[in-house]
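Heads up: the structure comes next, in structure tokens.
Residue numbers (my numbering), protein chains in the order written: chain A, 843 to 1148; chain B, 1217 to 1618.
Set out below in structure tokens:
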């Protein structure tokens, strides 16, 4: 500091030279990953936009031409799209509510000291390590199956008859499966957040006269708000594109009862072979995701601020 | 009005005992400081009084009422934590009034009380801020405010100043003693800093290994330590100890021979020691002098620590012991010098082989046996000092906020 004050006229030029020296190879070195990233992101997006303005059906690939907004007009007037958007939102919101609600309660529970806590924690978190197709198959064939499933056996054993989950409550069944997969994630993040809660704060609140529920309401929950916001954001990104669970269990049915936006696009592209329509649907999904992301970012950013 | 009484308090964790039977009487309006090395159980004891730890056995009485099984918030105590433990998502006012909110007091009343306390602690301009936006000293003050709002019978402080820097610590120490004088409430304070203990306390409780070593006024502990531990713990730098042999016991004092064949007569009561017994001589660094005219023994300087105002010499004496000698800042002593050290027997302490101090023949003149006249004197002086404090602070706080 003293030297820069002593030689004010000399210090700036070397600094700028040093910066230019450093920046050229730095940019070169960063370039490969930036280029890869741009290709990765921009090329599919550009192609999707390009296809969205084409009539392009894989059954008649030669009959390809520019059709303007016809694909969008067709898709936006398709009632199935709006149904699928509605189902997507129901799925996201309900699974978020279930995973965060149960995750918070379980985090508080698993933060208590009890015998075998380590093993219990690992078991509670393990569903997250099972891949979606496998867990969907387990739920479909071993738990919710109306003949062989564990649930059916139990209810039948009680003389209540069996529930055919995927026929009678298909969306609820999907929500249960996805919640089972993702609750551990919420638990994991919230448990670490709870562990970082200052013990003195809890004790101060106890001295102030807080009951157990008041402790949770006024000390634990505000402390967790940040972690909850992060969990909500990450989970939303994944829940907007739930696919494997639907594909493996209900195939979007019965009817459109479990067709979310991702599955709708899949139906368009690979069952109807309408690439143009699917691309238009994809772009709508991008817009929807961005709207949700903006809301989330805002609320999370506000939460992270305080 | 609050007294706190501990009767044979024990605390056991699974299989090891951390508090081994503490008896203590804390009078109304008294400022009591628990000191001791880390792990001595002082914080545990405070937390047991607060109700944050269970009492394994014994009785805790507040105003004569048994409090062992009363929940923390019903004991009429308030605690200030070392880490302040403020609620980060609440403003200063909400932090301070949180206990009232839990008690179901209306919002206007709560904020009114928070403002009132904020005024006492000069926190008024900060009431709407979050703890994150405050400096360490301000957070400390909010933590004290949170305790004040509850109007407790007894204040508990758990090392409240140890997270502050040195200058702020001195300032907060003065403010705390001003607060004690103006509130006139009972305070229990835990610290490992003996300067805080000496300056703040009416009564110091020295703890070691879960046992009370001595209870007394700061000067009593300094001049009449009960045993080797208290003698070594109170005072900085630490008291020098040396193994000596008793050569004569008279009514006027006991004469002991030092390793270098010099003798010192310590004016203690002629009790347990008799000629020929081994004993331990203790003398504080500030009571040793470098004196060429009248040296008791010679020593070689090993280390010189110059603090400016004073100099500490680490002197190796005959017999291999090292003494710390406090001398003036202008001392010319250098490493490897041989220096003459004078020991004044009347300032020495003598301990029997079991480590217990042999009582001095006379009490130190500043220590009154009767505590009460001193206390009442303090009370009459209190208002003047308090106004002095309050005039002083508004100038200090804005500067600190900048």
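We put the beta carbon where it would ideally sit given N, CA and C, even for glycine.
Extent of the continuous beta strand (DSSP E) run through residue i
| i | result |
| --- | --- |
| residue 1542 of chain B | 1538-1544 |
| residue 1239 of chain B | 1232-1242 |
| residue 1459 of chain B | 1456-1465 |
| residue 1471 of chain B | 1470-1473 |
| residue 1526 of chain B | 1526-1533 |
Beta-bridge pairing of residue i - partner residues as DSSP gives them
| i | result |
| --- | --- |
| residue 1274 of chain B | Per DSSP, none; premise fails for residue 1274 of chain B. |
| residue 1374 of chain B | B:1406 |
| residue 1290 of chain B | Answer by DSSP bridge pairing: none, since residue 1290 of chain B is not bridged. |
| residue 1576 of chain B | B:1484 |
| residue 1557 of chain B | B:1506, B:1513 |
| residue 1295 of chain B | B:1372 |
| residue 1323 of chain B | None; residue 1323 of chain B has no bridge partner. |
| residue 1152 of chain A | Nothing in the structure corresponds to residue 1152 of chain A, since chain A is present only between 843 and 1148. |
| residue 1229 of chain B | B:1232 |
Delimiting residues of the alpha helix (DSSP H) encompassing residue i
| i | result |
| --- | --- |
| residue 1438 of chain B | 1434-1439 |
| residue 1010 of chain A | 1007-1010 |
| residue 1354 of chain B | 1352-1365 |
| residue 995 of chain A | 992-999 |
| residue 1494 of chain B | Where residue 1494 of chain B is concerned, there is no enclosing alpha helix (DSSP H), although the beta strand (DSSP E) it sits in stretches over 1494-1499. |
| residue 1062 of chain A | First-last for residue 1062 of chain A: undefined, no H or E at that position. |
| residue 1550 of chain B | Premise fails: residue 1550 of chain B is in no alpha helix (DSSP H) and is neither H nor E. |
Beta-carbon proximity list for residue i, same chain, < 6 Å, skipping 5 on both sides
| i | result |
| --- | --- |
| residue 1334 of chain B | 1340, 1343 |
| residue 1221 of chain B | 1241, 1277 |
| residue 1135 of chain A | none |
| residue 1258 of chain B | 1250, 1252, 1406, 1423 |
| residue 909 of chain A | 897 |
| residue 1263 of chain B | 1269 |
| residue 1527 of chain B | 1543, 1545, 1547 |
Any chain B beta carbon closer than 9 Å to residue i
| i | result |
| --- | --- |
| residue 856 of chain A | Because the pLDDT of residue 856 of chain A is 48, which lies under 50, any placement of that residue in the model is unreliable, and the question is left without a value. |
| residue 1058 of chain A | no |
| residue 1048 of chain A | yes |
| residue 896 of chain A | no |
| residue 1065 of chain A | yes |
| residue 1095 of chain A | no |
| residue 995 of chain A | no |
| residue 955 of chain A | no |
| residue 1071 of chain A | no |
| residue 1037 of chain A | no |
| residue 1114 of chain A | no |
Same chain, Cβ closer than 7 Å to residue i, five either side skipped, listed in chain order
| i | result |
| --- | --- |
| residue 1485 of chain B | 1574, 1575, 1577 |
| residue 1587 of chain B | Interpretation of residue 1587 of chain B is limited by its pLDDT of 46, a score under 50 that renders its predicted location unreliable; no figure is taken from the coordinates. |
| residue 1295 of chain B | 1266, 1363, 1372, 1374 |
| residue 817 of chain A | This structure leaves residue 817 of chain A out entirely; chain A is present only between 843 and 1148. |
Reference residue i, options the options, closest by Cα
| i | options | result |
| --- | --- | --- |
| residue 1429 of chain B | B:1416, B:1444, B:1393 | B:1444 |
| residue 1373 of chain B | B:1321, B:1260, B:1457 | B:1260 |
| residue 1544 of chain B | B:1516, B:1533, B:1507, B:1537 | B:1507 |
| residue 1462 of chain B | B:1296, B:1499, B:1488 | B:1488 |
| residue 1057 of chain A | A:940, A:941, A:950 | A:950 |
| residue 1376 of chain B | B:1369, B:1521, B:1579, B:1412 | B:1412 |
| residue 1501 of chain B | B:1490, B:1542, B:1512, B:1476 | B:1542 |
| residue 1491 of chain B | B:1460, B:1518, B:1511 | B:1460 |
| residue 1551 of chain B | B:1530, B:1505, B:1566, B:1525 | B:1530 |
| residue 1328 of chain B | B:1348, B:1300, B:1306, B:1365 | B:1365 |
| residue 1401 of chain B | B:1464, B:1369, B:1407 | B:1369 |
| residue 1224 of chain B | B:1275, B:1398, B:1264 | B:1275 |
| residue 1572 of chain B | B:1448, B:1517, B:1298 | B:1448 |
| residue 1086 of chain A | A:1078, A:1073, A:1101, A:1075 | A:1101 |
Beta carbon proximity, residue i to chain A, threshold 9 Å
| i | result |
| --- | --- |
| residue 1295 of chain B | yes |
| residue 1444 of chain B | no |
| residue 1419 of chain B | no |
| residue 1229 of chain B | no |
| residue 1287 of chain B | yes |
| residue 1354 of chain B | no |
| residue 1290 of chain B | yes |
| residue 1361 of chain B | no |
| residue 1449 of chain B | no |
| residue 1478 of chain B | no |
Neighbourhood of residue i by C-beta distance below 8 Å, restricted to the same chain and skipping five residues each side
| i | result |
| --- | --- |
| residue 983 of chain A | 990, 991 |
| residue 1117 of chain A | 893, 896, 898, 899, 900, 1111 |
| residue 940 of chain A | 1017, 1021, 1025 |
| residue 1593 of chain B | Its pLDDT being 37, under 50, residue 1593 of chain B is placed unreliably by the model, and the measurement read from it follows with that caveat. There are no such residues. |
| residue 938 of chain A | 1074, 1077, 1078, 1081 |
Any chain D beta carbon closer than 9 Å to residue i
| i | result |
| --- | --- |
| residue 1330 of chain B | In the displayed structure, chain D is absent; the protein chains listed are A and B. |
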